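Engineer: Residue numbers (UniProt numbering): 1 to 978.
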Amino acid sequence: MGISDVLRDCEESIKGPIETYSTTLQELIADICADSGLDESAFDQDLTLSLLARRIGTTKLDANVIADHEKRLKDAEQKIISALMVYVAVSVNASADADVLSKLQSKEYTRPRECQEGTRAEILDECVAWAYDPNAPNILWIKAAPGAGKSTIASSLVRILGIKKQRMGSSFFFLRQEGAITTTRALWRSVAYDLARHPTIRRHLAAKLRKEEIDLTTPNIEELFKQLIVETLSRISRLPTEQSPVVIVDALDECGGLEGAHSQERHNLMQTLSLWSTVPNCKLIVTSREEDDIARTFALNPPYIIELLIGQSKVEQSKRDIRAFLYENLRKTATRFSQSPVEWPTPTKIESLTTKANGLFIWASTVVEYVDRGDPKERLDQIVNGEHIAAMSALYTEVLRGAFPDTERGLPKNLRPILAAIIVAKESLDTRRLADLLGIDQWAVERVCHGLRPVLEIEGGLRFRHQSFVDFLLDSDTTYLVPPITMSDSHGILANECLRIMKERLRFNICEVSSSHLLNDEVLKALPSLDAHIPPHLQYASRHWMDHLYHTATSDEIMALVRQVLSFKFFAWLEVASLCRFMDKIQSTLSLLRPWLKANGGDELISLAMDMDRFISHFYQVLTRSASHIYISALPLSPPSSSVRQQYETQYPNTLVVTTGGYARWLPLRMTYRGHGAPVMNIAFSPDGACIASGSIDRTIRMWDAQTGAQIGQPFVGHRGAVNSVAFSPDGCRVVSGGADKTVRLWDTKTGQQIGKAIESHAHGVYSVAFSPDGFRIISGSHDETVRFWDAETGEQIGQTLEVPIGTVTSVAFSPDGRGVISVSGDVRLWNVETGTEIDQPLKDHTSKFISVAFSPDGLRAISSSNNRTVRLWDAKTGAQIGNPLEGHTKIVGSVAFSPDSRRVVTGSDDWTIRLWNADTGAQIGQPFEGHTGSITAVAFLPDGHRIISSSIDRTVRLWDAETGAQSGQVPEGHAAQ
1 MGISDVLRDC EESIKGPIET YSTTLQELIA DICADSGLDE SAFDQDLTLS
51 LLARRIGTTK LDANVIADHE KRLKDAEQKI ISALMVYVAV SVNASADADV
101 LSKLQSKEYT RPRECQEGTR AEILDECVAW AYDPNAPNIL WIKAAPGAGK
151 STIASSLVRI LGIKKQRMGS SFFFLRQEGA ITTTRALWRS VAYDLARHPT
201 IRRHLAAKLR KEEIDLTTPN IEELFKQLIV ETLSRISRLP TEQSPVVIVD
251 ALDECGGLEG AHSQERHNLM QTLSLWSTVP NCKLIVTSRE EDDIARTFAL
301 NPPYIIELLI GQSKVEQSKR DIRAFLYENL RKTATRFSQS PVEWPTPTKI
351 ESLTTKANGL FIWASTVVEY VDRGDPKERL DQIVNGEHIA AMSALYTEVL
401 RGAFPDTERG LPKNLRPILA AIIVAKESLD TRRLADLLGI DQWAVERVCH
451 GLRPVLEIEG GLRFRHQSFV DFLLDSDTTY LVPPITMSDS HGILANECLR
501 IMKERLRFNI CEVSSSHLLN DEVLKALPSL DAHIPPHLQY ASRHWMDHLY
551 HTATSDEIMA LVRQVLSFKF FAWLEVASLC RFMDKIQSTL SLLRPWLKAN
601 GGDELISLAM DMDRFISHFY QVLTRSASHI YISALPLSPP SSSVRQQYET
651 QYPNTLVVTT GGYARWLPLR MTYRGHGAPV MNIAFSPDGA CIASGSIDRT
701 IRMWDAQTGA QIGQPFVGHR GAVNSVAFSP DGCRVVSGGA DKTVRLWDTK
751 TGQQIGKAIE SHAHGVYSVA FSPDGFRIIS GSHDETVRFW DAETGEQIGQ
801 TLEVPIGTVT SVAFSPDGRG VISVSGDVRL WNVETGTEID QPLKDHTSKF
851 ISVAFSPDGL RAISSSNNRT VRLWDAKTGA QIGNPLEGHT KIVGSVAFSP
901 DSRRVVTGSD DWTIRLWNAD TGAQIGQPFE GHTGSITAVA FLPDGHRIIS
951 SSIDRTVRLW DAETGAQSGQ VPEGHAAQ
């Protein structure tokens with residue numbers, strides 16, 4: 001039920017009182033007529049209120065009877081008023097809910113064409129039968145090779161289950177060429193919006209959204225799925241199978257765009273689909289090719305499978321349906337010609353085409369489109385008589401030759417860039433936008449696109465009808481295009497054009513804002529059209545230039561364009577980002593730019609790109625709301641040493657001058673990672689420094705991209721208590737975790753899946769874990785006062801348990817050579833790994849309990865912290881204290897770490913600060929790093945030595961610039977509740 005259904009129900013509720021009123025009135029009239037000797041039917045024909053009143057006045061009806069009629073009329077009237085008041089209230093609430101739920105709406109799309117009437121009947125019937133079978137799995141997977149007609153079947157099911165069966169819950173069609181729009185987030189938001197037709201779901205979702213209890217922008221897609229779908233459908237009382245809604249999701253294999261199974265989007269989709277078995281009151285139909293990741297996902301909860309073109313009956317059905325499809329559509333082509341043969345195409349030709357199609361509807365559909373757009377008889381004969389045209393690649397070659405036959409003079413000049421742009425475009429483009437983007441005359445673009453009509457959809461945005469044509473174009477064996485198109489070349493074409501457009505079109509005050517006091521919302525409200533100032537092709541170039549450049553090898557031309565844009569167009573680019581609302585994309589763009597510059601000889605621009613990142617970090621909030629503040633506050637308030645300020649202040653000499661205040665230096669905080677819902681207890685970085693792992697009281701482990709701050713994949717779920725410690729294996733392929741649930745667990749960093757069973761030998765919670773330098777062993781320290789070693793492959797305990805009688809083991813670490821282990825449990829103990837014996841006496845020089853310990857990477861020193869607010873350095877061989885304690889923190893120091901070169905130490909404290917120290921002199925370096933709003937639980941250097949990561953009970957992980965003492969990027973947040 002939708003909002004209109006609810007209102008319709010309310011209208012029904014009004015009918016009752018109105019009918020009661022009418023009945024009462026009719027009874028009164030009947031009594032008057034009977035008393036007056038009038039014919040009731042004649043009386044009704046000329047009834048007026050005055051006539052009725054006169055009749056009542058002259059009637060001899062008993063006064064009590066009249067009073068009874070009057071009371072009944074008044075009661076009926078009151079019920080009408082009450083019903084109307086309810087109707088108005090429901091109307092207002094429904095309208096308010098609709099406004100809130102509109103946040104869930106995704107972009108509208110054009111559904112694929114449906115099956116031709118009379119075809120695919122058996123398969124459609126089988127799908128409907130599954131929908132009504134209470135014992136069938138709640139997922140139906142229609143799988144087949146490309147071109148077998150999966151999408152047309154899905155489109156037909158939308159109509160059948162929606163209009164005929166009233167079972168349609170929602171539908172969604174993934175498109176590879178619109179990967180940026182047809183995302184997993186868009187899928188589940190769209191499904192939730194459609195399911196809100198049911199009043200219970202509508203009220204639940206509207207209330208949640210109104211209270212901001214659902215974060216629609218969260219990177220945690222699994223949590224979003226649970227809130228929008230699982231919890232929402234759980235609100236409905238158990239539905240019988242014949243009433244439960246059906247959700248249809250087409251083309252799973254096209255999720256993730258051109259990256260496909262390697263994309264984060266595809267991983268997100270598989271993660272959420274693996275949870276569908278927990279979804280009540282709803283059935284799911286999906287279609288796809290049979291790709292490994294999809295098959296693995298469904299292996300856990302086997303669905304009902306319909307495999308097209310497999311089995312003799314399915315093959316015969318497909319041949320029969322293709323035969324009917326070809327005959328029907330080619331006869332339509334014939335009717336356009338008055339002199340067409342009566343029997344064209346002949347049954348023999350239809351049979352030949354059916355055999356060549358080999359069960360692939362896309363082959364038959366392409367033939368129909370090709371024949372219809374030229375000389376039908378000539379083109380059909382080419383296909384029928386061409387023995388080599390049975391394969392899709394041969395058919396596509398014939399289509400291209402038919403569209404552009406004059407190959408002696410070469411292919412159309414613009415064919416290659418147009419094909420390349422349509423393949424890799426990040427958004428759907430129309431012919432005008434594509435022409436502007438490529439700098440080509442629109443007439444030339446339309447001519448090429450018209451020639452490609454048998455394989456190209458034009459209405460609603462340019463996109464190839466089927467992925468198999470893209471595969472054909474990118475195939476190195478394709479003979480029509482020499483040399484063949486490659487992904488790198490395609491991205492290179494658009495990267496070059498995007499940079500050219502930015503160089504030529506970006507300018508100061510691009511929207512001609514009259515006053516710097518105006519915020520973006522006010523500016524946009526006053527503009528008749530944003531596109532008139534920032535045309536669509538400039539918007540595309542500004543959003544996506546790095547998406548294409550990242551996949552492109554450099555050239556002198558491209559590097560010169562990059563240098564121009566960074567040196568002279570950065571602020572104008574930020575204007576466009578601010579006004580077009582994609583400021584959140586800028587930092588990820590810059591994070592991709594830096595490694596590209598390093599790999600392509602742009603070293604002299606790296607420091608400028610890094611400073612641009614800091615510029616955005618510091619002024620992000622104000623720049624998001626006001627493009628003008630790029631010039632009037634961000635530029636003048638930047639530190640004098642800023643590369644951005646030095647590059648741009650001479651280009652804008654008329655801006656404000658700061659006489660007092662402003663940044664003397666960039667702050668060290670670079671990025672904040674958000675997502676945990678509870679305090680973050682520990683962090684670790686991958687050996688290559690690309691990923692950060694964090695463990696939290698919310699029982700999850702999360703992976704973060706160190707460059708962008710984006711969460712990678714879904715949380716690792718399995719611990720039944722707080723995750724106290726995490727560590728990467730030396731090869732970066734695994735993460736080990738220790739938890740309050742007494743277990744040690746091993747995880748695959750790529751899939752997020754637990755490897756093997758949990759290790760459950762500890763008697764109490766595990767507080768610290770670590771891999772040995774060779775990756776073969778794991779060490780764990782526990783509240784049960786023991787240290788244990790484990791085989792990293794089998795999970796079996798190695799050697800004896802090390803008994804530590806003084807208390808909870810809060811920290812353990814291997815020495816760099818793997819021969820020694822250090823443990824903290826009130827005191828500090830050194831152990832020989834091979835013998836399991838202590839080396840010398842425990843270190844007890846602190847006036848209080850030790851908390852954290854670490855070896856220096858060179859193996860010469862160890863560092864410890866304690867609850868007396870001090871940090872101490874030790875000789876790792878003799879156990880002697882080195883120098884004086886490091887003092888400065890005002891509360892307990894909970895975490896310590898060495899830099900990769902062993903020359904610096906970083907410490908984190910309950911005083912909410914992080915401090916950097918010279919490991920040789922013990923002197924504090926710079927000012928404390930401030931930004932966390934709770935105790936620091938862990939600190940570590942990244943492998944480059946330039947950045948520091950920290951975790952805190954404030955639920956965040958933060959990235960800091962170790963060189964400037966400034967935070968670096970966005971803050972990672974993601975863990976869930978204290």
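Glycine residues also receive a C-beta, built at the ideal position from the N, C-alpha and C atoms.
In this text the structure is predicted, and so the values were computed from the model without any measurement.
1) Relative to the alpha-carbon of Ala154, which residue among Ala136, His764, Tyr132 and Cys127 has its alpha-carbon at the smallest distance?
2) Could you pull the DSSP bridge partners for Ala813 from this structure?
3) Three or more beta-carbon pairs under 8 Å between the stretch 224-244 and the stretch 266-283, yes or no?
4) Can you check whether the CB of Val853 is closer than 7 Å to the CB of Ser825?
5) State buried or exposed for Asn220, treating a residue as buried only when at least 16 other CB atoms are found within 10 Å of its CB.
6) In whole angstroms, what is the alpha-carbon distance linking Ala740 and Ser263?
7) Which residues does DSSP list as the beta-bridge partners of Lys742?
8) Between the beta-carbon of Leu473 and the beta-carbon of Ile485, is there less than 7 Å?
9) Pull up the distance between the alpha-carbon of Thr333 and that of Val371, whole angstroms please.
10) Measuring CA to CA, which of Leu637, Gly695, Pro773 and Val482 is closest to Tyr767?
11) Is Pro245 near the ligand SAM, with its Cβ less than 6 Å from a heavy atom?
12) Return the residue from the list Val470, Pro112 and Leu886 that minimises the CA-CA distance to Asp250.
13) Under 8 Å: do the stretch 589-600 and the stretch 618-626 share three or more Cβ pairs, one atom per stretch?
14) For Thr119 and Asn496, I'd like the C-alpha separation in whole angstroms.
15) Would you please state the rounded distance, in angstroms, between the beta carbons of Ile701 and Phe716? I believe it to be under 8 Å.
16) So the candidates are Pro536, Asp944 and Glu328; which of them puts its Cα closest to the Cα of Thr431?
17) Would you call the stretch 600-614 in contact with the stretch 648-664, where contact means no fewer than 3 C-beta pairs closer than 8 Å?
18) CA-CA distance, residue 1016 and Phe225?
19) With a CB to CB cut of under 7 Å and the five nearest residues on each side skipped, what residues in its chain are close to Glu19?
20) Tell whether a beta-carbon distance below 7 Å holds between Ile586 and Ile632.
21) Closer than 8 Å by C-beta to Ala324: which residues in its own chain qualify, once you throw out the five before and the five after it? Chain order, please.
22) Is Val230 helix, strand or coil when you go by DSSP?
23) How would you label residue 980, buried or exposed, when you count the other beta carbons within 10 angstroms and need 16 or more for buried?
24) Taking the beta strand (DSSP E) that Gln797 belongs to, which residues open and close that run?
25) Below 8 Å on the Cβ atoms is my guess for Lys742 versus Gly765; work out the distance and round it to an integer in Å.
26) My output table needs one value for Pro245: the three-state DSSP class, helix, strand or coil.
27) Distance, Cα to Cα, Gly775 vs Val736?
28) If we count the other Cβ atoms within 10 Å of its Cβ and call it buried at 16 or more, is Thr921 buried or exposed?
29) Going by DSSP, name the residue or residues bridged to Met559.
30) Alpha carbon to alpha carbon, what distance is there between Arg665 and Val455?
31) The alpha helix (DSSP H) that contains Ile163, what's its start and end?
32) In terms of residues, what are the limits of the alpha helix (DSSP H) holding Asp436?
33) Over what stretch of residues does the beta strand (DSSP E) that includes Glu307 continue unbroken?
34) Measure the alpha-carbon distance for Thr346 versus Val367 and round it to whole angstroms.
35) Go ahead and label Asp611 buried or exposed: buried means 16 or more other beta carbons lie within 10 angstroms of its beta carbon, across all protein chains shown.
36) Would you kindly report the start and end of the unbroken alpha helix (DSSP H) that includes Ala420?
Structural biologist: Reading off the structure:
1) For the options Ala136, His764, Tyr132 and Cys127, the alpha carbon positioned closest to that of Ala154 is the one of Cys127.
2) Ile822
3) The stretch 224-244 vs the stretch 266-283: in contact.
4) no
5) It counts as buried.
6) 33 Å
7) BP columns for Lys742 are empty, so no partner.
8) yes
9) The C-alpha of Thr333 lies about 8 Å from the C-alpha of Val371.
10) Gly695
11) The ligand SAM is not among the ligands present in this structure, which contains no ligands whatsoever.
12) Pro112
13) no
14) 47 Å
15) 4 Å
16) Pro536
17) By the criterion of at least three beta-carbon pairs nearer than 8 Å, the stretch 600-614 is not in contact with the stretch 648-664.
18) Residue 1016 lies beyond the stretch modelled for the chain, which goes from 1 to 978, so this question has no answer here.
19) none
20) no
21) Gln116, Gly118 and Thr119
22) helix
23) A question about residue 980 goes unanswered here, because the residues of the chain that appear run from 1 up to 978.
24) Gln797 to Glu803
25) Yes, Lys742 and Gly765 are in contact; Cβ-Cβ is about 6 Å, under 8 Å.
26) Looking at Pro245 - three-state DSSP - the assignment turns out to be coil, as it is neither helix nor strand.
27) 11 Å
28) exposed
29) The partner list for Met559 (beta bridge, DSSP) is empty, contrary to what the question assumes.
30) 57 Å
31) Counting along the chain, Ile163 falls outside any alpha helix (DSSP H), and DSSP gives it neither H nor E.
32) Thr431 to Leu438
33) Tyr304 to Glu307
34) 16 Å
35) By the 10 Å Cβ count, Asp611 comes out buried.
36) Here the alpha helix (DSSP H) through Ala420 covers Leu415 to Val424.
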